[in-house]
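Structure record follows, encoded as structure tokens.
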């Protein structure tokens, strides 16, 4: 029995090593194709399914595309009336990965489609910033702006930095994480399982309904709260 056991152990070990070698080889064979495209000025950004965008402040707008397992020509960038749209050609993809490094001058509105994401390398500064996050998308931004309007549905928005005012709505399990985002005034609503975490210093106007939750930090000077249909407003 012992010789048979030893043989089986050798076979299992050899197969595991072979599988690991095959996996490493597959990763090594993945080629990243790169291309930089010049684009016109824009203030609105719309990103479609499965594309990851990193924002970089600069003087000349451009888009550096990095893609795996699909041709560069399948990444479509459109400029139309001050709105920049980044999307993929309509087809079935397998194991595709798209990362776009987007140089901008000024952004006032960001809208994400299913499974896309946006982040930034340095603090985004400006006046009004509008954020819309759709199904399974992720917005992760560092900000120093006058006001933010955010709408998140079955997605996640994480903010850091400062704004004078925040208007936010979270629905259908969407999350707005603002524990590291200080605002003077916050007007927030959470419904149907949405969760908003906010840090307001002067005013918190919070409405939670239908299983929505609003969490707040600190001691706002003034609070207006409303809880309906299982919604709750809680201090953390």
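In my numbering, the protein residues as written are 91 to 326. Glycine included, C-beta positions come from ideal geometry on N, C-alpha and C. All of these numbers come straight from a predicted model, not from anything done at the bench.
In this structure the region 165-185 touches the region 135-144; the number of beta carbon pairs closer than 8 Å is three or more. Counted as a single uninterrupted DSSP element, the beta strand (DSSP E) harbouring residue 188 occupies residues 187-194. In the DSSP assignment, residue 127 falls within the beta strand (DSSP E) that extends over 122-128.
From the listed residues 264, 248, 166, the smallest Cα separation to residue 282 is found for 264. Here residue 206 carries a coil assignment [DSSP, helix/strand/coil]. The C-alpha of residue 291 is placed about 6 Å away from the C-alpha of residue 311.
A contact is defined here as three or more CB-CB pairs under 8 Å, and the region 202-217 fails this definition with respect to the region 161-169. In the assembly as shown, residue 271 is a buried residue. Its beta-carbon has 16 or more other beta-carbons within 10 Å.
The C-alpha of residue 269 is placed about 22 Å away from the C-alpha of residue 144.
At the C-beta level, residue 238 and residue 223 stay beyond 8 Å of one another. In the structure shown, residue 225 adopts coil according to DSSP, grouped into three states. For residue 281, no beta strand (DSSP E) encloses it, and the DSSP letter there is neither H nor E.
In this structure, the CA atom of residue 286 is about 16 Å from the CA atom of residue 318.
The closest CA to that of residue 186, considering only 220, 121, 221, 154, is found on 121. Exclusion of the five residues before and after residue 256 leaves 238, 273, 276 as the residues of its chain whose Cβ lies within less than 6 Å of its Cβ. A direct Cα-Cα distance of roughly 28 Å separates residue 227 from residue 316. When DSSP reads this structure, residue 152 sits in a beta bridge with 128, 193. In this structure, residue 190 places its C-beta atom within 8 Å of the C-beta atom of residue 155.
Counting only residues of its own chain and dropping the five nearest sequence neighbours on each side, residue 280 has a CB closer than 7 Å to the CB of 260, 286, 298, 302, 303, 304, 321. In the DSSP assignment, residue 274 is bridged to no other residue. Rounded to the nearest angstrom, the Cβ distance from residue 152 to residue 193 is 5 Å, consistent with a contact under 8 Å.
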